[in-house]
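Colleague: A single structure is presented below for examination.
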Amino acid sequence: MLGPVENRSVSPVFVGRNDELDTLNEAFARAAAGEPQALLLGGEAGVGKTRLVEEFTDGMARRAVVAVGGCVEIGADGLPFAPFSSALRALRDALPQEFTAAASGQEEELARLLPDLGETTAGRHDEQGMARLFELTARLLERVAADHPVVLVLEDLHWADASTRHLLAYLFRTLRAGRLLVLATYRSDDIHRRHPLRPLLAELDRLRTVRRIELARFTREEVGRQIAGILAAEPDPAQVDDIFERSDGNAFFVEELAVAGCDGNCTGLTDSLRDLLLVRVEALPESAQRVARIVAEGGSTVEYRLIAAVAQLPEDDLIEALRAAVGANILTVTPAGDGYRFRHSLVREAVADDLLPGERSRLNRRYAEALEADPTLVGADARVMRLASYWYHARDAAKALPAVLAASVVARRRHAYTEQLGLLERAMELWDSAPEEVRSALRPVDYTEVYPPCGCDPATTPLRYLDLMAEAAVAGRFGGERERALKITKRALRLLEDEPDPLRAAWFWVQRSRLVQAQARGDGWHELATAQDLVRGLPPSEVHAEVLALAANWSMLHRPGPEASAAAEQAVEYARMVGARDIELHARLTLGCLMVDAGDHELGLTELRQVLRDTLAEGVHHVAGRAYVNLPSELQSVGRDREAAPLLREGIAFTRKYGLLDSEAWVWGNLSDALYSLGQWEEAAEAAAHATRRGHSAKPRGAGALKLAHLALARGDFADAGRCLATARAHYGTHDPMPQQSLPLARIALGVAAAEGRIDDARAELLRALEIGFPPGTHRYGWPLLLAAATAEADACSLPAALPGRAEILDHLTRTARTLTTAAPLWDAYSQYTRAELLRAEGRDTVDTWTPVVAAFECLDRPYDLARVRLRLAGALLAVGGEKERDRAVQLLRSAAAVAAHLDARPLAEAVARLAQRARLPLPRTPQQALAAADPAAALGLTSRERDVLRLVSAGRTNRQIAEELFISPKTASVHVSNILSKLGVAGRGEAAAVAHRLGLFPAETLPAGTAG
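Under the working numbering, the first residue of the sequence shown carries the number 3, and numbering increases by one thereafter.
As structure tokens, then:
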């Protein structure tokens, strides 16, 4: 289009920025070594961000693949994923074979970011859709950067659309592999309090993996060097002083002032920023000024052919006008050579701001008309979005409404749900202004989920305002804009009060149920129950089937029982009648789980296996992801963990392949449970950690944290168990309690409290859980809780502080245990184990008590539980005292000690060692026994006198009573107690007594029964 044009305002000398450039180069060195790097480069407009990035990337040209993408502004609208689309296109062009291999099998999904990869179908849309796309993008970048250093530059984040911001945040949080450096730039002076980029910057600041660089203005010395580079001569010191003062060190303003002075334009120049930016534009010929105004309104970058169509100038005149604008360094040719952009966005903004209102709308109309007349004027991936923006800013509702709706469909298909929501809200704004004939010609383009199409033919049924609200509500839910979505559903239901439509009303109530749960405002049952009431008695429909399926699933998680099973069966029936295959498969999964929980194990497992086969064969990936969660979980619920484990590993591969992040996190959590049961605790910890990292939603991450708490408790790291427990509670929240979460939480909280000697707190946790009760099907969570409580009571039976209320607690536990099912061998074993611990708490357990418990667990694949009950049987045998009993006790303790050593289960190892020590039994030392010295009191650093004092503290003595018994003063006793608390690392006398009891420092029979003072 244009030959070389002289550029005089940019200094050929790179000035300053040595520290910043060193930071970027150091980051690249780490990235090249295989440690991905993430950097944010901020600075005010004109301070030199782009020049620094160019200097850095020019230096990388031979050492790495550099892919640059910029956020695109069209009027006030950003194109969804624009910088990623551009950068990925550049990456594919630079490494075509590697890119093709990395994207293999996921082209259709990745085409949402890079349309060049092929057609993007409407596909599956749900809350995980955007997360799936993000995960696949991260994996693509990691694979491409596996063998080649890649520098990914994303410019002008202050213009970024919400989807781009979300994707960038996801990459910065999750990139862990590849020789990749991601550098994003933004204008810091644009980031006001309500700017959408501000929360993202705050979030990224909290990530230790992200470094933020803020560019400062130039010093006077640097300004002098910049001017010298521009003028190719040493400037007059007075000129440097003047320009430095007026520019305040802003590199772009220095350039403008230096060139203005060189051109003799300084006379009468005001200090107004706008005047400074426009002075050289106004010096252009009128035709060039006109072209500059056209380009300013067209967007960040405008294609040459589109400029020509809008300007309607003879080609020679247009080229001369462009040459003048480029020669004056106002416009610059795009890297691709097919269009123009302003050299600096500040100038474009100044020119655009100088347009009159009528002039702006006229230019947008001409852009829209030109693009409608010849759609090839712009790239296919941006065409629909730009046309919608041009017509909207042209203020032509009749043209804008159809264009905006078409753009909303494109945004939806790209999983740019926040942008889709904005476009649909724009369509609702235009609705009343558009002529009736335009509205009546519109048709629903992309029905949302099972939203009912009026029972009419969509091809002939006009689009309604309510249909827009339905699309907008779902777009808000998928895009995380749940508050906006809630407001839309509220308005929609208000409209439906005037025009009753039960199916549509039920559909909106379902949306509200999902949104209320997602916003932590309730469990969603009121909304679901309202939807059920609305569809009751209506003919079968997709809405009816979905309401029943969701109600059944809700009940399965909250209040399982016959009603839930009936709803699931009816949902399956209705879904089959109306051909809603996805709903049918979901309802069958729910029904299968309910069957297993109700005791019909084999029939329920058979149904779950069949659903998994069906979903895999039909390619219904999102339901298959759920099946990989539910089927192994139900196998685990009946003690078949070894059968579940390979299925869970298969599920991890599947969910990862298809980007099902939440399903993957749930699968990791279930795998952690299975590995814990099977005695593979190191692998269980790794699986739980994966669950905390992979989950997109809070609850699967909470489940992972709870597994880590369980492991920490079993290994004796009570502080870590408490921290992980708090994390799990924070993720679960309090708005939507479910037995599968609340009961395991109570079990771990009870265990931590008991281990720390807080028996009253342990009992409080138990009583809260018992007050809620154990609905049918929750025995898998109820038995471990009852066992933990019974064990805590038995362990604390020698503590005087535990005596008040013990009888009532034991009675409550006994009565509750009678209500829980023992329909599987695992739960029969747990029933026997719990009852044995209750007898131990009463001091009535014998060899006959523990022998059948050991026999029951010997038939199961649970080595840790088996080791614990063997310890109990050994204790009972030693209490009998015969030689034969001692020999068998030695065998049991050796077996338990080996398991404890293998698992690093320190509390179990210490209990085994204490029992063997008291009975003077020879046990082979294990490496873990270094943790427990032969004399635990000496290992804690307690003196002989402090040991005597601790013995009396454990017996409940006051300082005065201790002083009288040891013939010391009460003050001395108080000092000893303070020293003991410090050495034990506890806060009070009760905790000190619990530690002494746990370490077996003082056999129960030697403790006199003192009274607490």
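Where is the CB? At the ideal position from N, CA and C, for every residue including glycine.
From Thr378 to Tyr660, what does the alpha carbon distance come to, in whole angstroms?
Modeller: 34 Å
Colleague: Under three-state DSSP, which class holds Ile296?
Modeller: helix
Colleague: Would a C-beta distance cut-off of 7 Å place Pro201 and Leu156 closer than the cut-off?
Modeller: Cβ distance not < 7 Å, so Pro201 and Leu156 don't count as in contact.
Colleague: Output the boundary residues of the alpha helix (DSSP H) element that contains Gly72.
Modeller: Per DSSP, Gly72 belongs to no alpha helix (DSSP H); it is in the beta strand (DSSP E), 67-72.
Colleague: Quick check on DSSP: helix, strand or coil for Phe859?
Modeller: helix
Colleague: Taking the C-alpha atoms as reference points, what is the distance between Asp163 and Arg388?
Modeller: 14 Å
Colleague: Excluding the 5 residues flanking Arg1 on each side, which residues of the same chain have their C-beta closer than 6 Å to its C-beta?
Modeller: Here the chain comprises residues numbered 3 to 1015, so residue 1 is not present and cannot be evaluated.
Colleague: Confirm, please, whether the CB-CB distance from Leu787 to Arg749 is below 7 Å.
Modeller: Taking 7 Å as the Cβ cut-off, Arg749 and Leu787 qualify as a contacting pair.
Colleague: Here's the rule I'm using: 16 or more other beta-carbon atoms within 10 Å means buried, otherwise exposed. How should His160 be labelled?
Modeller: buried
Colleague: Measuring CB to CB, does Thr694 end up less than 7 Å from Gly706?
Modeller: yes
Colleague: Which residues in the same chain have their Cβ closer than 6 Å to the Cβ of Thr793, if we skip the five residues on either side of it in sequence?
Modeller: Glu839
Colleague: Span of the alpha helix (DSSP H) holding Ala413?
Modeller: 399-415
Colleague: May I ask which residues mark the beginning and end of the alpha helix (DSSP H) holding Arg872?
Modeller: Note, Arg872: alpha helix (DSSP H), 865-882.
Colleague: Give me whichever residues DSSP pairs with Arg214 in a beta bridge.
Modeller: Leu42
Colleague: To the nearest angstrom, report how far apart Val476 and Glu501 are at their CA atoms.
Modeller: 21 Å
Colleague: If you reduce the DSSP assignment to three classes, tell me which class Ala186 lands in.
Modeller: Strand, per DSSP.
Colleague: If you reduce the DSSP assignment to three classes, tell me which class Arg445 lands in.
Modeller: coil
Colleague: In its own chain, which residues sit with a C-beta less than 6 Å from the C-beta of Ala520, not counting the 5 before and 5 after it?
Modeller: Arg484
Colleague: Reducing DSSP to helix, strand and coil, say where Phe776 ends up.
Modeller: coil
Colleague: Round the Cβ separation of Val914 and Leu873 to the nearest angstrom and send it over; I've been treating them as touching at under 8 Å.
Modeller: 6 Å
Colleague: Which runs of the beta strand (DSSP E) fall wholly inside the region 729-792 and span at least 3 residues, in chain order?
Modeller: The qualifying runs do not exist here; there are none.
Colleague: With a 10 Å radius around its C-beta and 16 neighbouring C-beta atoms as the bar for buried, classify Gly360 as buried or exposed.
Modeller: exposed
Colleague: Counting only runs of 4+ residues fully inside the region 88-175, write out the alpha helix (DSSP H) ranges in chain order.
Modeller: Within the region 88-175, the complete alpha helix (DSSP H) runs of at least 4 residues are 98-105, 109-112, 131-146.
Colleague: Shortest alpha-carbon distance to Asp584 belongs to which of Gly601, Ala566, Gly621, Ala907?
Modeller: Checked all of Gly601, Ala566, Gly621, Ala907; the closest Cα to Asp584 is Gly621.
Colleague: Helix, strand or coil: how does DSSP classify Tyr453 here?
Modeller: Tyr453 falls in the coil class under three-state DSSP.
Colleague: With Ala881 and Ala899 assumed to form a contact (beta carbons below 8 Å), what rounded beta-carbon distance in angstroms separates them?
Modeller: Wrong, their Cβ atoms sit about 19 Å apart, outside the cutoff.
Colleague: Can you tell me which of Glu860, Val406, Glu374 puts its alpha carbon nearest to the alpha carbon of Leu312?
Modeller: The residue you asked about is not Leu; residue 312 is Val in the sequence shown. Nearest C-alpha to Val312: Glu374.
Colleague: Give me the Cα-Cα distance between Arg486 and Lys701, rounded to the nearest whole angstrom.
Modeller: 23 Å
Colleague: Pick from Arg295, Arg397, Val386: whose alpha carbon is nearest that of Arg415?
Modeller: Comparing Cα positions, the closest option is Val386.
Colleague: On a Cα-Cα basis, can you pick out the residue from Asn632, Leu23, Glu499 that is closest to Gly61?
Modeller: Leu23
Colleague: Considering Cα atoms alone, identify which of Arg628, Ala494, His978 is closest to Arg947.
Modeller: His978
Colleague: Within 10 angstroms of the Cβ of Ile215, are there 16 or more other Cβ atoms? Answer buried if so, exposed if not.
Modeller: buried
Colleague: Kindly indicate which three-state DSSP category Leu209 falls into: helix, strand or coil?
Modeller: coil
Colleague: Taking 7 Å as the cut-off, decide whether the C-beta atoms of Gly704 and Ala667 are in contact.
Modeller: Taking a C-beta distance under 7 Å as the contact criterion, Gly704 and Ala667 do not qualify as a contact pair.
Colleague: May I ask whether a heavy atom of the ligand PLP can be found less than 6 Å away from the beta carbon of Asp383?
Modeller: Although the ligand PLP was asked about, the structure shown includes no ligands whatsoever.
Colleague: Evaluate Glu427 with the Cβ neighbour count: other Cβ atoms within 10 Å of its Cβ, from every protein chain shown; 16 or more gives buried, anything less gives exposed.
Modeller: buried
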